[in-house]
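Everything below concerns the one structure shown next.
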Amino acid sequence: MLAMAVPNEEAPGPGEDIDRLALRISLADIDDQFEKVVQKSLVFILKYLAKYEDHRKKLMELLGDVTRRLKCRPNIQVPVHELFLTYNDPSRQVFLVNFSHLYIVIGYPRLPFSQQVKLLPVLYGSLTDDKSICQRDAVQRLNRFDGADIVIPDGFNSYDLTRVAHERYSTINSAEDLEKYKVGLIQFYSRHFFSAEESIIPILFGYGDTRHSVVSAAAKELRTLSMIVDWEDELLLTRIMAWYLGRRRECDPRVSYLIVIFTPTNPTYFLFRFHFHITCFFLKLRSCKCCLLFLVCTDLLSIW
214 MLAMAVPNEE
224 APGPGEDIDR
234 LALRISLADI
244 DDQFEKVVQK
254 SLVFILKYLA
264 KYEDHRKKLM
274 ELLGDVTRRL
284 KCRPNIQVPV
294 HELFLTYNDP
304 SRQVFLVNFS
314 HLYIVIGYPR
324 LPFSQQVKLL
334 PVLYGSLTDD
344 KSICQRDAVQ
354 RLNRFDGADI
364 VIPDGFNSYD
374 LTRVAHERYS
384 TINSAEDLEK
394 YKVGLIQFYS
404 RHFFSAEESI
414 IPILFGYGDT
424 RHSVVSAAAK
434 ELRTLSMIVD
444 WEDELLLTRI
454 MAWYLGRRRE
464 CDPRVSYLIV
474 IFTPTNPTYF
484 LFRFHFHITC
494 FFLKLRSCKC
504 CLLFLVCTDL
514 LSIW
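Read in order, the letters of the sequence shown are residues 214 to 517 in the working numbering.
Spelled out as structure tokens, the structure:
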């Protein structure tokens, strides 16, 4: 008996996979069916979008249909964890990063509270320097679980405030309320959620505040952190020095030195207190003693 060679069936190409997937999405009429398709296929579509340029137009139309249906059906869950993996993909392909970010913003608030908390390490791990500032701000806003009722204090300037508030306005109308928020922030950084090098800068800011309760809370934590932090670390010194020098365009040369000292309501008074307290820590550093006198003189001349 002669054996006849049967040719192997060719594997389906990307075009056939996309057509099959589009048919599956169009046939998913009820929410449960559509959610199952999205859970299994959304990341697959994004990877195909970044890989096959010839089929990009068809994939964009498919994603547009998925996005419209997701916005109309707020109960549909999205594979957020898998999207974070593609969002942090080392290849950093533009389509993969941007569309993963889009669906993370859509899907993360829909997750149950417990799952949102579990994904917080992944969320903070995605805030890398290779991402744009707009994307990092949008991802950071996802962890505000009480976003409908949150109260935001005033920032140092209008640009920083708009980044945090995102078209919302502060309802803090008294210094006492703002003091409570400052103490709360100091206590948050005292819980050791972050490394000592990350926590030391906001603690230093609290130590230079004008309110006694804020200074007391910061001083207690600062005694612990000052023994842990490596004060000769160049990266830490660079960050502290950047805060020390500040933004020179915000300094008013017409403000008198005596007014800065004796007027606590003046915004520059806080900067003076911060500079004064941080100078005490600079005195402990062998690498900063040589330039400390120059920095202090430059700072006083800019305020005078």
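Ideal placement from N, C-alpha and C gives every residue a C-beta, glycine not left out. Given the structure is predicted, the values throughout are model-derived calculations rather than measurements.
With fewer than three CB-CB distances shorter than 8 Å, the segment 283–298 does not count as touching the segment 261–271. Judged by DSSP in its simplified three-state form, His-268 adopts coil rather than helix or strand. Apart from sequence neighbours up to five positions away, the residues of its chain that approach Ser-339 with a beta-carbon distance below 8 Å are Phe-297, Tyr-300, Asn-301, Val-352, ordered along the chain. Shortest Cα-Cα distance from Lys-433 to any of Val-442, Glu-445, Gly-419, Asp-443 involves Gly-419. Ser-313 counts as buried, since at least 16 other C-beta atoms from the protein chains shown sit within 10 angstroms of its C-beta. In the DSSP annotation of this structure, the continuous segment of the alpha helix (DSSP H) that includes Val-428 starts and ends at 425–441.
Gly-320 counts as buried, since at least 16 other C-beta atoms from the protein chains shown sit within 10 angstroms of its C-beta.
Excluding the 5 residues flanking it on each side, Leu-324 has same chain C-beta neighbours closer than 8 Å at Gln-290, Val-293, Leu-332, in chain order.
Counting the other CB atoms within 10 Å of its CB gives Asp-422 a total of 16 or more, which places it among the buried residues. Nearest neighbour of Asp-230 by Cα position, chosen from Gln-246, Asp-244, Leu-275, turns out to be Leu-275. When DSSP states are grouped into helix, strand and coil, Asp-446 belongs to the coil group. With distances taken between CA atoms, Val-330 lies nearest to Asn-356 out of Cys-285, Leu-240, Asn-356. The C-alpha of Arg-305 is placed about 36 Å away from the C-alpha of Leu-438. For Phe-401, the enclosing alpha helix (DSSP H) starts and ends at 388–402. Rounded to whole angstroms, Trp-456 and Glu-447 show a C-alpha spacing of 14 Å. From the listed residues Leu-450, Val-307, Phe-326, Ala-388, the smallest Cα separation to Asp-343 is found for Val-307. With 16 or more other CB atoms across the displayed protein chains lying within 10 angstroms of its CB, Leu-255 is buried. The criterion of a C-beta distance shorter than 8 Å is not satisfied by Ile-441 and Ile-416. The three-state reading of DSSP puts Leu-332 in coil, since its state is none of H, G, I, E or B.
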